[in-house]
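Beneath this line is the structure, given in structure tokens, with notes to follow.
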Amino acid sequence: MTSKTGSMFAAATISLSLAFGASGAANATYNYFDVMADPGSYSGISLGESFSLDACGSTFHRADGSSESYSLCQLSDLTEFSLSWLAWHDGDYSWLGSYSGGSASDGLSVATATGDGTFFNEIGTYYVGLYVKADNNSYVPLPGGGWGATGGDGGLAYDGSTNYSFAWSSSFQVTEAMNVPEPIGALLLLPGFVYIARRERKRKQAVAA
């Protein structure tokens, strides 16, 4: 990543922190649960296609370094969470959507269009960012029973994570849309024609009987 790209990422991250009131000094106490954002990985996207933003790699985990960790997609209740998506391309970034409370689960998988009228409107290199936050002093139901407490986010950061987390994806390419040659396009339609012909033949046989 070039220094210019790094500074743009830093500016976007600072803007994000200010928007949500995040403080770089905030830490979670070791016996509570923290969050870690994972914006997923993306590849093979052609201009005009849609793809899904995927937050299922993000975790809600015990902050003492133990193995107790859950994907956000494993949690049955995300009302204490907030998820926000943004994208970066060629020196510019844009919010893609924010989800919290009763709609937080909608932010786990977000259908995203490319092409005219969208942020992904040209070929090139893109990054996707994800911000995840768990409300302070909240209790989250865990798979199999029990609760995960988030605490006040003001004590020891055992593993470096806190009640909020932000991460960028690796870079990915949006490429030129592929044109299907006409002969190949006709072959793709052939199964449909065969199905229609068979259905029509069965209809005529039924009428004749």
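With numbering that gives the first Met the number 0 applied, the sequence shown has no gaps in its numbers, which climb one by one up to 208 at the end. C-beta atoms are modelled at their ideal positions from N, C-alpha and C, and glycine is treated no differently. Only a predicted model underlies this, so the values are computations on that prediction, with no experimental measurement involved.
Query raised in the report: Whose CA, out of H88, S81 and G144, lies closest to the CA of S97?
Result: In the sequence shown, the residue the question calls residue 97 occupies position 98. Closest in C-alpha terms to S97, from the list H88, S81 and G144, comes S81.
Query raised in the report: What residue does the beta strand (DSSP E) around G123 start on, and which one ends it?
Result: Counting from 1 along the sequence shown, the entry for residue 123 is found at position 124. Counting along the chain, the beta strand (DSSP E) containing G123 begins and ends at G123 to A133.
Query raised in the report: So what does Y163 bridge to, in DSSP terms?
Result: Sequence index remark: in the sequence shown, residue 163 carries index 164 (1-based). Answer by DSSP bridge pairing, in chain order: K132.
**Report entry** Residues of its chain near L141, where Cβ-Cβ distance is below 7 angstroms and the 5 sequence neighbours each way are ignored
**Finding:** Taking the first residue of the sequence shown as 1, we reach residue 141 at position 142. Excluding sequence neighbours, L141 sits near Y69 and G147.
Query raised in the report: Counting only runs that start and end within the region 51–105, where is the beta strand (DSSP E) found for 3 or more residues in a row?
Result: Secondary structure within the region 51–105: the beta strand (DSSP E) runs of 3 or more consecutive residues, fully enclosed, are 58–61, 68–70, 80–88 and 91–99 (chain order).
Query raised in the report: First and last residue of the beta strand (DSSP E) that includes S108?
Result: For the purposes of this step, residue 108 is taken as residue 109 along the sequence shown, with counting starting at 1. For S108, the enclosing beta strand (DSSP E) begins and ends at S108 to A112.
Query - Coil, strand or helix - P190 by DSSP - result: What you label residue 190 is simply residue 191 of the sequence shown in a count that begins at 1. In this structure, P190 counts as helix in the three-state DSSP scheme.
**Report entry** contact_flag[the region 40–57, the region 162–173] where n(CB pairs < 8 angstroms) is 3 or more
**Finding:** Segments in contact, yes.
Query raised in the report: Which residues mark the beginning and the end of the beta strand (DSSP E) in which G147 is found?
Result: Locating residue 147 in the sequence shown gives position 148, counting from the first residue. Its beta strand (DSSP E) spans residues W146 to A148.
Query - First and last residue of the uninterrupted beta strand (DSSP E) at Y138 - result: For the purposes of this step, residue 138 is identified with residue 139 of the sequence shown, where counting begins at 1. Y138 -> beta strand (DSSP E) spans Y138 to P140.
Query - Three-state class that DSSP yields for E48 in the structure shown - result: The count along the sequence shown starts at 1 and reaches residue 48 at position 49. DSSP, reduced to helix, strand and coil, places E48 outside both helices and strands of the structure shown, so it counts as coil.
Query - Where A21 falls: helix, strand or coil (DSSP) - result: Residue 21 sits at position 22 when you count from the first residue of the sequence shown. At A21, the pLDDT of 45 sits below 50, so the modelled position is not reliable and the matter cannot be decided from this model.
Report task. Return the residue from the list G151, Y130 and L129 that minimises the CA-CA distance to Y138. Result -> Taking the first residue of the sequence shown as position 1, residue 138 is located at position 139. Among G151, Y130 and L129, the Cα nearest to that of Y138 belongs to G151.
Report task. Please report how far the alpha carbon of L95 lies from the alpha carbon of R197, in whole angstroms. Result -> Looking up residue 95 in the sequence shown gives position 96. Looking up residue 197 in the sequence shown gives position 198. Cα to Cα, L95 sits roughly 46 angstroms from R197.
Requested in this report: Spell out a yes or no on whether the region 55–74 and the region 117–126 are touching, meaning 3 or more CB-CB pairs, one atom from each, closer than 8 angstroms.
Outcome: Taking one beta carbon from each stretch, the region 55–74 and the region 117–126 have fewer than 3 pairs nearer than 8 angstroms; the two do not touch.
Query - Bridge-paired residues (DSSP) for T174 - result: Here the question's residue 174 lines up with position 175 in the sequence shown. According to DSSP, T174 bridges with S45.
Query raised in the report: Helix, strand or coil for I195 per DSSP?
Result: Here residue 195 refers to the residue found at position 196 when the sequence shown is read from its first residue. In the three-state reduction of the DSSP assignment, I195 falls in the helix class.
Report task. Reducing DSSP to helix, strand and coil, say where F119 ends up. Result -> Reading the sequence shown from its first residue, position 120 is the one you call residue 119. Look at F119 here: in three-state DSSP terms it is coil, with no helix or strand label.
Query raised in the report: With 16 other CB atoms within 10 Å as the buried threshold, where does D33 fall?
Result: Sequence index remark: in the sequence shown, residue 33 carries index 34 (1-based). It counts as buried.
Report task. Along the beta strand (DSSP E) that carries D33, what are the first and last residues, could you check? Result -> Taking the sequence shown and counting its residues from 1, one reaches residue 33 at position 34. It spans F32 to M35 - the beta strand (DSSP E) in which D33 sits, taken as one unbroken run.
Query - Separation of A133 from L74, as counted between CA atoms - result: Against the sequence shown, residue 74 aligns to sequence position 75. Against the sequence shown, residue 133 aligns to sequence position 134. Answer to the nearest angstrom: the Cα atoms are 13 angstroms apart.
Query - N209 versus S51, M35 and E175, residue with shortest Cα-Cα distance - result: In the structure as shown, the chain begins at 0 and stops at 208. Residue 209 is therefore absent and cannot be evaluated.
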